[in-house]
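There are 2 protein chains.
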Amino acid sequence: MIRITRQTDYGIVLLSHLASNAERRYNAPELAAEAHLPVPMVAKILKLLAREGLLVSHRGVKGGYSLARLPETISMAEIITALEGPIALTECVEESGVCAHEPICPSRSNWHVISRAVRRALEGITLAEMIHPLPAAAKLVTLGSGRAAVSAPANI
Amino acid sequence: MIRITRQTDYGIVLLSHLASNAERRYNAPELAAEAHLPVPMVAKILKLLAREGLLVSHRGVKGGYSLARLPETISMAEIITALEGPIALTECVEESGVCAHEPICPSRSNWHVISRAVRRALEGITLAEMIHPLPAAAKLVTLGSGRAAVSAPANI
DNA sequence: CGGAATCGGTACTGAATTGGTACTGTTTCA
DNA sequence: TGAAACAGTACCAATTCAGTACCGATTCCG
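If you're matching them up, the sequences are chains X and F in order. Numbering-wise, numbering that gives the first Met the number 0 puts 6 at position 7 of the first sequence, and it's gapless, one number per residue. Numbering-wise, numbering that gives the first Met the number 0 puts 152 at position 153 of the second sequence, and it's gapless, one number per residue.
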């Protein structure tokens, strides 16, 4: 339930990799190779992450990418928002008063409650927590391993 | 970020409506009219919800749908799972050992941490909470109203 | 100073998913 | 027995997504 695009999936893998080798500067092909992901996709995603301010890019011959901040300060919520895009919270929210004439809206506005709950959950997980060996509690849920290059979009 | 299909969106609106008029039995056209949603879609969604056990259906001339349980005992997680379908948590998870040869998987298995966090958040919200006037805290986030029939899929 | 490596942006295509519709069967009630 | 309602399935159009390609801008290094 609740889907995340493969692009975001890849993005988190890439950021995790960068976070666990924070001293190094990676370029796109290197990262792609080490993460076993297709190079063009990786390049595309890195561009996005740089534009969104999660990575800093260095151009030129010895260029590459590195994390813009410490992994402890980057939340899953940020990453997902950066990659999924801020595609507006349905038109109704963009212009606040647009559809006040619809009487069912009140029941629907509770969507915000759900949004908040999920966002909170995602804000509570940092990139740093993704690269450390899992704490004991979480290990119970770690059922299987995933195959990067072929895996379908993750369904939460 | 994180998208929910319009079908699920509609489903939650319909269930909320049913929950706030628990004594009544609705058929598909009635519900569609009151929720301002397209009839065929409503019919389709109700079938689904009935099959998933969230609604009980009554066939025949005076048939219709009603909630299978008290709104307090139905969580958002259940609803979303019912409507989004259990479309497998990526192939890798279906068969646990399939891709143990991929060394990046460890970093990816932390997806389960995210999954759990989101699921927990959604399990913590019941249908009953969706129909009560919002508690003060939540009201701060209720920015605008949504237009049912035209709204795009909600992005959390 | 010039070439090579690398990021930055955009535009395009094929495939998968979603939203929506239609039709046919089954059950129940009057 | 006929009409009303649910049940199931199959189908189509439109959007979205994954992936690719191309060209420009920037930096390093010989």
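No residue lacks a Cβ here, since even glycine has one placed at the ideal position from N, Cα and C. As the structure is a computational prediction, the values presented were derived from the model and not from experiment.
Residue-chain proximity (residue i, chain F), Cβ-Cβ < 8 Å
i                      : result
residue 163 of chain X : This structure cannot settle anything about residue 163 of chain X, because the visible part of chain X is limited to 0 through 155.
residue 21 of chain X  : no
residue 127 of chain X : no
residue 124 of chain X : yes
residue 121 of chain X : yes
residue 116 of chain X : yes
residue 2 of chain X   : yes
residue 6 of chain X   : no
residue 70 of chain X  : no
Residue i - containing alpha helix (DSSP H), residue span
i                     : result
residue 41 of chain X : 38-50
Those residues which DSSP pairs with residue i across a bridge
i                      : result
residue 65 of chain X  : X:55
residue 25 of chain X  : X:64
residue 125 of chain X : X:74
Three-state secondary structure (DSSP) of residue i
i                      : result
residue 80 of chain F  : helix
residue 7 of chain F   : helix
residue 96 of chain X  : Residue placement at residue 96 of chain X is poorly supported in this model, since its pLDDT is 40, which falls under 50; the coordinates still yield a value, given next. Note: residue 96 of chain X maps to coil in three-state DSSP.
residue 111 of chain F : helix
residue 131 of chain X : coil
residue 16 of chain F  : helix
residue 101 of chain X : Bear in mind that a pLDDT of 49 at residue 101 of chain X, under 50, signals an unreliable position, so the model cannot answer this.
Residue i beta carbon near the ligand SAM (any heavy atom closer than 7 Å)
i                     : result
residue 65 of chain X : Only the bare structure without any ligand can be found here, which leaves the ligand SAM out of the picture.
Task: Members of the stretch 46-61 of chain X near chain F, C-beta cut-off 9 Å - done: Per Cβ criterion, the list is empty.
Task: Where the stretch 10-43 of chain X meets chain F: residues whose CB sits under 9 Å from a CB there - done: So the list reads 11, 12, 15, 16, 19, 33, 34, 35, 36, given in the order they occur along the chain.
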